Every structure is written in structure tokens, then in C-alpha cells.
Amino acid sequence: MQDYHDFLGEVLISEADLQKRVQELGAQISADYRGSEPLLLLCILRGGVMFLTDLIRHMTVPHMVEFMAVSSYGVGKFESSGSVRITLDLKSDIHNYHVLLVEDIIDSGNTIASVLELLSTRKPKSLEVCTLLDKAERREVFVPIRYTGFSIPNKFVFGYGLDVDEYYRNLPFIGVVDLDKFHPETT
Ligand code: IMP
Ligand code: MG
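So the sequence shown is numbered by this note's numbering: it starts at 83 and just counts up by one.
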């Protein structure tokens, strides 16, 4: 894998700005869900993990954490397609839970729309979406988003949980991939 400095177009959201916003979201969610029990934060693997783990440090209401994994049949490396498959489902029953989905980014909206459709059949008490990033310009299906960290332009971003070919999820900031300078490995 190339050194990310070679293809980093710009730092879109700094570590300080991410941390400040995640703290605000944690406080807001805590205020909104006070008294709403049981509360389950449901993280979509893998991109949402760093956001989730930071977010829950700022939560001041009792809650549980669960994970789900979905994969979209990609049409290309930087595009997601319409069809989504659940690759890891919940072990626990969410019936009568307040469920808050935690996502890294909503792009076309297809992934989260499929997940919402599936989960709503399981009759949770409430079902809402919290996304760190919203690429609204690319939306293909309507998604009701309760909490948004940042609205971002139509650029491919990485870091803070989001990957470039599975790498660089560890970076503490959100960067833009300069597609002219990124050379995918062809193995
Ligand atoms: P959607 O189904 O088109 O909304 O795609 C959502 C998923 O595509 C996200 O959960 C990410 O895994 C991935 N994705 C979309 N845009 C980006 C990006 O700019 N960087 C990294 N992953 C992305
Ligand atoms: Mg994701």
C-alpha cells in the first residue's frame, strides 16, 4: 500500500474538529434518550467502529452496543451499488429496544436504507440513524437521518474508520483521496 501522504489531497476534517463534534453528538444523544430504555447503539462494521468507540465515551445514559456487518456488491472501488447483503447479523432480539444505528458515512443511502428496512420488521421501540458523515449530493434513496456529524462534498474520503482499500482506518482525521495520485494494487 502506498504511503497515504502520496495521495492525500487535503485534510477535510481535523482530529480536533472530529473530537469536538463527536463530543457534541454524545451529549445531544444522551439528552434525547434520557429515560428511553433499553437503548442499543448498533454499529455497522467496519467503518463506524472508530466513531462508535469515541461517541460512547461521551454518552451519559445507560446503553448497550452491538455490531452488524453488511456488504454492498460494489460496481467499482469508489462506488457502492444498490444491492446489500447482511454478512453478520445481530445475536440479540431488538424487539422493544430503542435502536440507534451508528454509521461512518451515508453516500447513495442504499446500505442504510436496506438495514433500516430489515430492522424495522423486528419491531424495535424506535429506530434512528446517526452518521458521522453525510454525502447528500450522492443520495439515491431517501434516508431519515436523526444525527449528522458533518455534511461533506462528493469526494472519496478516508481515515477515522473509513478505508482506502481496507487501509488507513486508523488515521485520526478525515482526508480526501486524490484519485489521480492513488494507484490501487492489482493483486
Ligand atoms: P451507500 O450505500 O452508498 O450509502 O454507501 C455507504 C458505504 O459506502 C459506507 O458505509 C462506506 O463503507 C462506503 N463509502 C461511501 N463513501 C465512502 C468514502 O468516501 N470513503 C470510504 N468509504 C465510503
Ligand atoms: Mg460503512
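We treat Cβ as the ideally placed atom computed from N, Cα and C, and that holds for glycine.
This structure is a prediction, so every number in the text was calculated from the model and none was measured.
Tell me which same chain residues have a C-beta within less than 8 Å of the C-beta of Arg128, skipping the five on either side of it?
-> Mapped onto the sequence shown, residue 128 falls at position 46. Cβ neighbours of Arg128 within its own chain (closer than 8 Å, five residues either side excluded): Ala151, Gly243, Asp245, Arg251.
What is the DSSP secondary structure of Met150, counted as helix, strand or coil?
-> The residue you call residue 150 lines up with position 68 of the sequence shown. DSSP places Met150 in strand when its eight states are reduced to three.
Val104 beta carbon less than 8 Å from that of His145 = Within the sequence shown, numbered from 1, the residue matching residue 145 stands at position 63. Within the sequence shown, numbered from 1, the residue matching residue 104 stands at position 22. Contact: no.
Ends of the alpha helix (DSSP H) at Ser196?
-> Within the sequence shown, numbered from 1, the residue matching residue 196 stands at position 114. Counted as a single uninterrupted DSSP element, the alpha helix (DSSP H) harbouring Ser196 occupies residues 192-202.
Within the present structure, is the beta-carbon of Gly91 separated from the nearest heavy atom of the ligand IMP by less than 7 Å?
-> Along the sequence shown, one-based indexing puts residue 91 at 9. It does not: the Cβ of Gly91 is nowhere closer than 7 Å to a heavy atom of the ligand IMP.
Cβ neighbours of Glu272 in the same chain (closer than 7 Å, five flanking residues each side left out) = The chain is shown from 83 up to 269; residue 272 falls before or after that span and cannot be answered.
Considering Leu123, what are the terminal residues of the beta strand (DSSP E) in which it resides?
-> Here residue 123 is taken as the residue at index 41 of the sequence shown, counted from 1. In the DSSP annotation of this structure, the continuous segment of the beta strand (DSSP E) that includes Leu123 starts and ends at 121-127.
Where Leu261 sits in the DSSP three-state scheme = In the sequence shown, the residue the question calls residue 261 occupies position 179. DSSP places Leu261 in coil when its eight states are reduced to three.
With DSSP as the reference, label His180 as helix, strand or coil.
-> Counted from its first residue, the sequence shown places residue 180 at position 98. In the structure shown, His180 sits in a strand (DSSP, three-state: E or B).
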